[in-house]
Structures are given as structure tokens and as C-alpha cells.
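Asks: Same order as they appear, the protein sequences are chains A and B. Going by the numbering used here, the first sequence opens with residue 58, and the numbers climb by one from there. Going by the numbering used here, the second sequence opens with residue 7, and the numbers climb by one from there.
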Amino acid sequence: MSDSVEAKEPVAKPAWGNPVTRVLGSLAFALTVVLLLALACIAGTLIPQGSQVEVYLARPGGHQVLGVLSALGLTRVFYSWWFVGLLFALAASLMVCTGRRYQAIKRSTGAARLRVIGSFITHVSLLLVLAGGVVRVIWGQKGAIQFREGEAVSSAESSDGPMVLPFSLRLTKFELEYHKKTTGAKEAPVDMILVQWAEKNLIAHFPVELNVEHPVVPADAPAGASPAFRVKVLRYVADFALDGATGDVKSRSDVPNNPAVQVCVVGSGSTNTQWVFARFPDFGSSDSSIAAMPLKFRFMAVPPEEMGMRGGDIKAFKSTVEVIEKGAVVSTRTIAVNSPFSWGGYTFYQTSYNPDDLAWSALQVVRDPGIPIVYAGFVLMMTGLTLVFCVGPWLGDQRRRTGELS
Amino acid sequence: MTGFFNMTALFNISLAAYFCAMVCAVICLMTRRNLFDGVANGLIVAGVTIQTLYLGIRWVEAGRAPFSNMFESLVLFAWTVAVVYLLLRIRTKLPWLAAAAAALSALALAHASTFESAIRPLMPALQSNWLSFHVMTCFLGYGAFAISAVASAGYLIATRQASVAQVETRQTLETIVTQTISFGFLFLTLGILTGAVWANSAWGTYWSWDPKETWSLITWFIYAAFLHFNFMRGWRGRRAAWISIIGFISVLFTYYGVNFLLSGLHSYAKG
């Protein structure tokens, strides 16, 4: 940080006699436009934008307020004609100011010249960013894709109708990952029923909820087969005991000293019920009717994250897609948030998923030819500002010190 | 690493260092003894050093930049205010500025202590290398604007009654305001641009008129106006000081108000 900012910037007076350019190039005009833009931005953040009519009507004086807001374009400030007009006014002012700064470069010398060059570059960069935005609006495309595993799409939904892609995109796999709990308090374990096939493969799991039916597909069934079994929990007791007189099951207390669930299995032409004990997993295995069943049950308290259940923090959601051209798969990529995939001028972004249907995924597809222009503007903006605020003043300091020493 | 260092102790020691620095700077102002100014600055250096250690350890422990929620951003804000002050202190000696900077840092840390400090895993959108660049650059800007607002307030107080003895102080304050706003503007711009590039990578749009984005732009407009008035019209003095203070009010709303009053893409920042 230098203190060599005392002198006014040597900017040329407008060389044109045209009163329009004189007005556009004035500081007063530029700052008036900036002030109006700032006020519009404030309005755009304080007034709900693009909401349903009901949102506005729910407020005091809803109908009248909505009428006024709509008439002034205040329900869609950033897309209103007057806001776009202000942006064009800013661009016009920037163009004239840029021209003036270009002239000032020729007249300035030394460290001041660097600062004027920096100021010129900064103004050019702002024009580039605005130009990139215009290119996006005119030639850019944006659409949404929603598909399930195995499905292929060759167009996306957009506000202007279907956005046709020159290739197809097939979702081959959707994955949802959770953070492992390594810090902070662990989530309380959940009472779970684990369903095994022939005591080996875990084929299903679900939390203990009374009378909720869960379809179970055998491990050896082909993909897409309908569930052969339906399983539900009929009863839960915290402290299992048998009534000595009646032989009925009862709970000695509410303390889970011997928790057990009664499971009902419907399938293979029969209905079976059995008690499953958390502390005695092998109890009942000698019973011939239970031993004959291919489904085996375990009842235990499991931390949710170990079962990949919802409840933990989501780490990532990813879609693995195939690009298909002329019937052939030409590329396979995984798309995640912060990791988009570009193909044929289109970029795909992971946007959403359905927690109740983990085979479903939503992507956004964008085609924005303005991006290189905008990014060039970003680079030039930082270059210009660095010249104005760092290099120019530093050089000025050096020269001043050299002058003092000599 | 947290087993070796007591993170709560590091946090509390840095808070105490800033608080004691503020007390020493105030004593220096009252007694005009340079010893207290030296102690105050030494304590601010100690506070920054300990905070740097704290942030570094938290970064390693979390496996990512510790700038993702209200607690972490307030800690970073305290650090940037103190760092910007120390950069200024290399050239300028103003005990009351030390008192104000230390008070701001202590206040930010004290406020941070009211938020949940546990390290939480990041949501998918925040899992990006842009997180550290974007937040760090924005907060260096915020820290500089905070110092400029304090210097502007000091200027307004000092110039209520004009006197020859104050001329040097006034010029120093004018210089500080211009320097810190130039520094802050450079970093705020970098912060907005890195945020735009990140947003394009995460959501496919570099600008979506999200409240946080929009208020950053409003803040940018205000400081751009300040710099134009300053460089092209030679505006100094009370008018410039008022714009600086208005700019910082906008910074506070961008940082704090938007988090709690408006919802948008940055809604995670309130947690």
C-alpha cells in the first residue's frame, strides 16, 4: 500500500465536440447510472423476485402492491427493460471513458502513465464482461435434464422449448455419498432389521416400524424381478419375557434389557412369523420352520451412516453418463457438483437428485459462447487494477525515493 | 494435532491478546507513553500469530480451508482486520487506530464464540479449491474496509473542530482511508471474480443475482464511486469519509445482513 495517490488522475478532456459524448463521458453521468443501478440492486434483493403471485398477495395490500410492483418491473428487476437500459447506459459511459483514457495514455508519462494504462484496461475489462453477458443472452442456451438410470435423452427442457442436443446422454449410474462421522457427536443408532439371504448376503435393511411392509427380492433373482417376499414388523418389546400362566409374550419393563421384534414374512405361498432377538441372534435357528426359510433376520441398533442411510451429511452426488453419437458410446464421464462435464460445446452440471428415488438425477446443460469473453474480462480487470493500485504507486514511490537520494 | 494444541485455549488467548492490546492502546492515548503503544502492537502481533496457528491447525484438521460458516468467517474477519492494521502500522503510528483495530478483532472473536465451533463436513457445493481463494480475498477486502471505516470515523471526529495541530493527523487519516479502500477494492474485486468463476464451475452460471452477489456488487459500486471521486475530483476530507462509512455499512450488510435476512445461494453462511 503506497501513499502516492494524492495526484488527480490525468484523464483527457473529451476531444469530441458532440454533446452526447460529453454527457456520456462525464463523471456525473457515470456515477448517476451507478447510483441508479445500486438502488435497483437493493430493490431486487429486498422485493421477492420472480415469486408466485400468492407470495405477493399474502402481504398487506397484496393486490395493489402487486399491481404497482408489476407495472414498475420490480418483481423481475434484473430482467426489466429499464434495468437492461441502465446496463446499456453504463456500457455507453464506459466506452466514452475508455476512449478518453486511451487519449490520456499518450499524454501521460512515468508512473502516472502506468496508472492510466491500468485504468484503461480496467474499463475495457468491464466492457468485455458486459459484452460476454450480451453474447450469453443472445446465443447462449440453458436447459434442464431429468432422467433415471438406464434412460437416454437427446434434448433438454428450457424456457424456450426443447433444447435439442447433437448427441444423446445416458445415465448409467447415480451415486449418493455421505460423510463419515469423524468429528462431533455421532448420530444415535437406529433399531434396524437386516435381511440376509441364506445367512450370507445382506439383501435388505429397514428401520423398525410397526406394520410397515417392505418388499424383499431374493439374492438369486434376476435384475428387475418383482419382490418374492413381503416383510413387516408386527411387534416390538423392550424386555422380552413369557407370561408363565398364559405363555403370552410380554415386556418386563421399558428398559431394553432384552429387545426383540416379531417379524412376519409373506412369500413362497406361506406366511411365517418369528421373534428376532437383538442379544440372541441365533435363538430359534433350531426351529425347523424357521431354519427352512431362505430369509434370515438380524435385529440390531446401527449408526445411520454405517448403513448409508439418510441422516448423515451429504458428501457428494454424482451421475455417471455415457455420450452416444450415431448409436455408439463415445465417452463416459462422471458429473458432480463442482465437476461439470463438457462435450460438443455443451457443459453439463449436476444440480439435483431425489432422496426417495436414488436412480433419478437432474442435470443442467449450458451452452455459453460468452464465457471466454467474460473470463478475458476478469483477467484484464485484475491486470488493470493491479497496475492502478500496486505497480503504478510502487513505481512512483521508487522514483520519488531515487529523486530524493540524488 | 488438536491433541497437541488446545484449540479453545488458542482461540481464547488470541481474544485476550486483542482485548489487552485495546486496553494498552487506550492507556497510551490517555498517558501518551509510547511504552503502551509498543505493548499494544506487540499484543496484536501475538494475537495474529496465535490466530494464524489456530487457522492453520483447523485447516489441517478439517482437511479444507476453515472459512465455511459464520464461526469460521468471523475468526477470519478478526484475523484480516488485525493483519491489515499491522500492514498499515509499518508506515503509520496511530495508537487510537491500534485500539480500534484490536477492539474490532476482539469483538469479532467474542461474537464468533457464540456460534457452533465444531468442524462440520462441507456440503457438495463448497467442496472446491475456489473456497479458500474466494473467501480469503473477500475477507482481506472486508478487513481493509473495516480499517478505512474506523479511520473515516476518526477523521470525522478529529475534524469537528479544525486546528493547525490536527493537520498532520488529518492528512494521515486521509491517506489511510484512500490506501485501505484501494487495497480493499482490489481484493473485493478479486473475491467477486473468483466467486463468479466458482459459481460457473458449480452451477453453470457465473452470475445469478443471488442476494450475496448483488450486495457485493452494491458494495463494489460504492467503493468504485469513492475511488473515482478521490482520483478524478480530488475528493478528500469529510465527504470522502462519509462515503467510506456508507461503504462499510454495505460491507456489513453484505457479510452479515444478507446471511440472516435474505436467503440465497450463500444461505449456508449463517450456520
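The beta carbon of each residue, even a glycine, is placed where N, CA and C say it ideally should be.
Should L258 (chain B) be flagged as near chain A, meaning a C-beta pair shorter than 8 Å?
Replies: L258 (chain B) does not count as touching chain A.
Asks: Just the C-alpha distance for S308 (chain A) and P127 (chain B), rounded to the nearest angstrom, thanks.
Replies: In a straight line, the C-alpha of S308 (chain A) is about 41 Å away from that of P127 (chain B).
Asks: Which same chain residues end up closer than 7 Å to N47 (chain B) when comparing Cβ atoms and leaving out the 5 residues on each side of it in sequence?
Replies: So the qualifying residues of the chain are R95, A104.
Asks: For I4 (chain B), go through chain A and note every residue whose CB falls closer than 8 Å to its CB, in chain order.
Replies: Absent from the structure is residue 4 (chain B), since the part of chain B shown begins at 7 and ends at 277.
Asks: Is R424 (chain A) helix, strand or coil by DSSP?
Replies: Strand at R424 (chain A).
Asks: With Y136 (chain A) as the anchor, note down where its alpha helix (DSSP H) starts and where it stops.
Replies: That residue, Y136 (chain A), is in no alpha helix (DSSP H); it is neither H nor E in DSSP.
Asks: Taking Cβ-Cβ distances below 8 Å as the criterion, which residues of the stretch 178 to 202 of chain B are in contact with chain A?
Replies: From the stretch 178 to 202 of chain B, only T181, T184, Q185, T186, S188, F189, F191, L192, T195, L196, L199, A202 have a Cβ closer than 8 Å to chain A.
Asks: Figure out for me which residue from A:S182, A:S327, A:V318, A:G324 has the closest Cα to the Cα of V333 (chain A).
Replies: Ranking the options by Cα distance to V333 (chain A), first place goes to A:V318.
Asks: Tell me, please, whether the CB atom of T404 (chain A) is closer than 8 Å to any CB atom in chain B?
Replies: It does: the Cβ of T404 (chain A) has a partner Cβ on chain B nearer than 8 Å.
Asks: Chain A partners of L268 (chain B), CB-CB under 9 Å?
Replies: Near L268 (chain B) (Cβ distances below 9 Å), the residues of chain A are T102, L103.
Asks: Please list, in chain order, all residues of the same chain as F259 (chain B) whose beta carbon is under 7 Å from its beta carbon, the five residues on each side excluded.
Replies: Answer for F259 (chain B): W221, listed in chain order.
Asks: For E382 (chain A), I'd like the list of residues in its chain whose CB is within less than 6 Å of its CB, leaving aside the five on either flank, ordered along the chain.
Replies: The answer, listed in chain order, is F224.
Asks: May I have the straight-line CA-CA distance separating G426 (chain A) from P397 (chain A), to the nearest angstrom?
Replies: Sequence check: residue 426 (chain A) is Pro here, not Gly. Each residue's Cα considered, the two are about 16 Å apart.
Asks: Excluding the 5 residues preceding and the 5 following T98 (chain B) in the sequence, name in chain order all residues of the same chain whose CB lies nearer than 7 Å to its CB.
Replies: Correct list, in chain order: T178, I182.
Asks: Spell out the partners DSSP gives M350 (chain A) in its beta bridges.
Replies: Beta-bridge pairing links M350 (chain A) to no other residue.
Asks: Any beta-carbon of chain A closer than 8 Å to the one on Y60 (chain B)?
Replies: No, because no Cβ of chain A sits closer than 8 Å to the Cβ of Y60 (chain B).
Asks: Taking Cβ to Cβ, would you say M249 (chain A) is nearer than 8 Å to V359 (chain A)?
Replies: Closer than 8 Å, so yes.
Asks: Given that a residue counts as buried once 16 or more other Cβ atoms are within 10 Å of its Cβ, and exposed if not, what is G124 (chain A)?
Replies: With fewer than 16 other Cβ atoms within 10 Å, it is exposed.
Asks: I'd like to confirm the pairing. Which residues does DSSP put opposite I250 (chain A) in its beta bridges?
Replies: DSSP, once it has assigned bridges, lists A:F263, A:F356 as partnering I250 (chain A).
Asks: Can you grab the Cα-Cα spacing for the pair H271 (chain A) / P316 (chain A), in whole Å?
Replies: Computed Cα separation, rounded: 21 Å.
Asks: DSSP state of E234 (chain A), grouped into three classes?
Replies: Residue state, collapsed to three classes: strand.
Asks: Chain E partners of H236 (chain A), CB-CB under 7 Å?
Replies: Within the model displayed, chain E is absent; protein chains A and B are what it includes.
Asks: What's the gap between the Cα of K289 (chain A) and the Cα of P351 (chain A)?
Replies: Those two C-alpha atoms are separated by around 16 Å.
Asks: Could you tell me which chain B residues have their CB closer than 8 Å to the CB of L147 (chain A), listed as they occur along the chain?
Replies: None at all; the shortest Cβ gap to chain B is about 10 Å.
Asks: Whole angstroms are fine: how far does the CA of Q160 (chain A) sit from the CA of V257 (chain B)?
Replies: Rounded to the nearest angstrom, the two C-alpha atoms are 35 Å apart.
Asks: If the criterion is Cβ atoms closer than 8 Å, does the pair G197 (chain A) and G434 (chain A) meet it?
Replies: It is not a contact, given that the beta carbons lie outside the stated cut-off.
Asks: Compute the distance between the beta-carbons of H120 (chain A) and C154 (chain A), then report whether it is under 8 Å.
Replies: No, they are not a contact pair.
Asks: Could you tell me which of A:P338, A:V312, A:F286, A:D311 sits nearest to G326 (chain A), measuring between CA atoms?
Replies: It is A:F286 whose Cα lies nearest to the Cα of G326 (chain A).
Asks: Quick one, which of A:L171, A:L84, A:N75, A:I202 has its alpha-carbon nearest T404 (chain A)'s?
Replies: Of the candidates A:L171, A:L84, A:N75, A:I202, the one whose C-alpha sits nearest the C-alpha of T404 (chain A) is A:I202.
Asks: Chain B beta carbons: is any one of them nearer than 8 Å to that of K372 (chain A)?
Replies: So, interface residue.
Asks: Please list the segments of the alpha helix (DSSP H) lying wholly inside the stretch 71 to 145 of chain B, counting only runs of 4 or more residues, in order along the chain.
Replies: You should have 76 to 95, 101 to 118.
Asks: Can you give me, in chain order, the residues of the stretch 390 to 424 of chain A that have a beta carbon less than 9 Å from any beta carbon in chain B?
Replies: Here the close residues are A393, V394, N395, S396, P397, T404, F405, Y406, Q407, T408, Q421, V422, V423.
Asks: Using the beta-carbon of each residue, which ones in chain B are nearer than 9 Å to F135 (chain A)?
Replies: Result: W215, T220.
Asks: Looking at chain B, which residues of the stretch 215 to 231 of chain A have a Cβ within less than 8 Å of any of its Cβ atoms?
Replies: Per Cβ criterion, the list is empty.
Asks: From the DSSP secondary-structure annotation, give me the bridge partner or partners of K199 (chain A).
Replies: Paired residue(s): A:V423.
Asks: Considering only residues of the same chain and omitting the five flanking positions on each side of P101 (chain B), which have a CB-CB separation below 6 Å?
Replies: Closer than 6 Å at the Cβ level, and outside the excluded window around P101 (chain B), lie A31, C34, L35, D43.
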